[in-house]
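Participant:
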Amino acid sequence: MSMAKRKDPYLSGLLQKLAETDKKISFTRLRSEDLDGESREAIYEFIEKYSGRFGVRWLLNEFGLSPSVYYNYLHSKRDGCKAQKDQILDEIRSIYEEHNGTDGYRKMHYYLLQRGYNISLETTRKYMNQELGLCSVVGARHPPYEKRMPFHICPDILKGNFKAGRVNEKWSIDFTFIALENGSIRFNCAIMDLYDRSIVASLCGTEMNSKLAIKTLKKALSTDKEIDPRRLILHSDQGNEFTSEEFTTYCLERGIRQSMSPPGHPYSNAPMERYFSTLKSELINRKSYGNERELYDAVDDFVENYYNTTRPHTYNNNKPPYEVRYKQDRPLT
1 MSMAKRKDPY
11 LSGLLQKLAE
21 TDKKISFTRL
31 RSEDLDGESR
41 EAIYEFIEKY
51 SGRFGVRWLL
61 NEFGLSPSVY
71 YNYLHSKRDG
81 CKAQKDQILD
91 EIRSIYEEHN
101 GTDGYRKMHY
111 YLLQRGYNIS
121 LETTRKYMNQ
131 ELGLCSVVGA
141 RHPPYEKRMP
151 FHICPDILKG
161 NFKAGRVNEK
171 WSIDFTFIAL
181 ENGSIRFNCA
191 IMDLYDRSIV
201 ASLCGTEMNS
211 KLAIKTLKKA
221 LSTDKEIDPR
231 RLILHSDQGN
241 EFTSEEFTTY
251 CLERGIRQSM
261 SPPGHPYSNA
271 PMERYFSTLK
281 SELINRKSYG
291 NERELYDAVD
301 DFVENYYNTT
311 RPHTYNNNKP
321 PYEVRYKQDR
331 PLT
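The numbering of the sequence shown is my numbering, which starts it at 1 and goes up by one.
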């Protein structure tokens with residue numbers, strides 16, 4: 001063997017000592033900067049974090065710990081993490097069943113935080129959609145609609161501004177279809193206050209017409225004696241029900257200003273579209289309704305005892321509409 005390839009034992013030993021010294025210096029610095037106290041758990045976490053850099057055995061030796069104690073800690077930690085994950089999965093299943101399988105992962109994340117689980121939105125999505133295979137329901141399509149000659153078309157006063165500065169300043173009205181178990185169609189007319197996204201009136205019927213729209217508007221106006229119709233804007237699309245002589249005259253006689261979305265703009269009454277999507281995915285599509293009374297009662301209960309009072313709404317910073325509307329200083333009537 002040539003002299004060039006022969007290792008000098010003295011030089012090798014010196015380099016090894018220098019490397020060990022450098023390692024100890026780095027360890028001492030990190031221990032001073034990153035070790036949160038000298039508790040056994042803090043030391044274990046330090047070892048787990050820097051094991052790739054220094055090696056587990058080396059770190060255990062520096063702290064004077066036995067390997068068996070450390071590995072027992074790791075096993076216990078993994079068992080604890082698994083137990084916590086299983087608990088969260090059970091909670092997701094429970095919430096999903098409580099709400100008839102209607103929550104998406106964003107609302108599920110909100111409910112988990114409310115129940116004290118510190119979990120990220122992405123982890124919620126992974127647990128719910130990927131591991132449990134749970135998804136929210138998509139609503140059905142609207143049946144064919146016959147357009148008739150309007151009596152009067154009003155301008156679009158809102159122009160996409162669906163924010164209101166006070167209660168009963170801007171309302172939005174619309175229809176959607178709902179079906180019985182035998183496939184026959186019924187209709188729901190609803191009015192939303194754009195201030196807090198609460199449903200101020202909701203009525204069901206066998207026909208989508210001006211008569212049902214007027215009845216719904218009458219009901220909405222009767223809910224609060226402080227409502228001044230002359231200060232109210234009522235927004236809708238240009239459907240026959242809202243451009244008819246009967247409906248426009250009813251509004252005109254009471255000083256209600258009508259606002260109508262232009263045709264060909266599917267999102268120009270977006271808050272109502274979102275509400276009807278919620279109604280269908282969280283109620284209508286979850287079960288079959290054998291008769292009108294059962295269906296109508298279910299819709300009324302959904303509005304008054306869930307949507308307005310309990311269900312968090314993203315527009316209200318995840319507060320239910322009534323919590324914003326009454327600010328907890330007025331009775332929820």
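The C-beta atom is built at its ideal place from N, Cα and C for all residues, glycine as well.
Can you give me the start and stop residues for the beta strand (DSSP E) that Leu203 sits inside?
Facilitator: It spans 198–205 - the beta strand (DSSP E) in which Leu203 sits, taken as one unbroken run.
Participant: On the three-state DSSP scale, how would you describe His235?
Facilitator: His235 falls in the strand class under three-state DSSP.
Participant: Keeping to the same chain, check which residues put their C-beta closer than 7 Å to that of Glu344; ignore five residues upstream and five downstream.
Facilitator: Lying before the first or after the last residue shown, residue 344 is absent from the chain, which here runs from 1 to 333.
Participant: Are the Cβ atoms of Asn168 and Ile178 separated by less than 8 Å?
Facilitator: No.
Participant: Under a Cβ-count criterion, where at least 16 other Cβ atoms within 10 Å of its own Cβ denotes burial, should Cys135 be classed as buried or exposed?
Facilitator: Cys135 is exposed by the Cβ-count criterion.
Participant: Compare the Cα-Cα distances from Asn240 to each of Ile173, Glu294, Tyr296, Lys107 and report the closest residue.
Facilitator: Residue Ile173 is the option with its Cα nearest to Asn240.
Participant: Rounded to the nearest angstrom, what separates Asn285 and Asn316 at their Cα positions?
Facilitator: About 25 Å.
Participant: CB Ile191 to CB Leu158, shorter than 8 Å?
Facilitator: Not in contact: Ile191 and Leu158 (Cβ atoms no closer than 8 Å).
Participant: Using 8 Å as the threshold, is the C-beta distance between Tyr70 and Asn318 below it?
Facilitator: No, the pair does not count as a contact, with Cβ atoms beyond the cut-off.
Participant: Tell me which same chain residues have a C-beta within less than 7 Å of the C-beta of Leu336, skipping the five on either side of it?
Facilitator: Missing from the structure shown is residue 336; the chain here goes from 1 to 333 and no further.
Participant: Given Lys170, which residues of its chain have a CB within under 6 Å of its CB, disregarding the five upstream and five downstream residues?
Facilitator: So the qualifying residues of the chain are Ala164, Leu194, Ile233.
Participant: Please report the residue range of the beta strand (DSSP E) in which Thr176 lies.
Facilitator: Element bounds for Thr176: 170–179.
Participant: Under a Cβ-count criterion, where at least 16 other Cβ atoms within 10 Å of its own Cβ denotes burial, should Glu131 be classed as buried or exposed?
Facilitator: Exposed, by the Cβ-count rule.
Participant: For Leu332, count the other beta carbons within 10 Å of its own beta carbon; 16 or more makes it buried, fewer makes it exposed. Which is it?
Facilitator: In this predicted model, Leu332 has a pLDDT of only 41, less than 50, meaning its place in the structure is not dependable; the value taken from the coordinates is given anyway. Leu332 should be labelled exposed.
Participant: Please say whether Lys107 and Pro312 have beta carbons closer to each other than 8 Å?
Facilitator: Yes, they are a contact pair.
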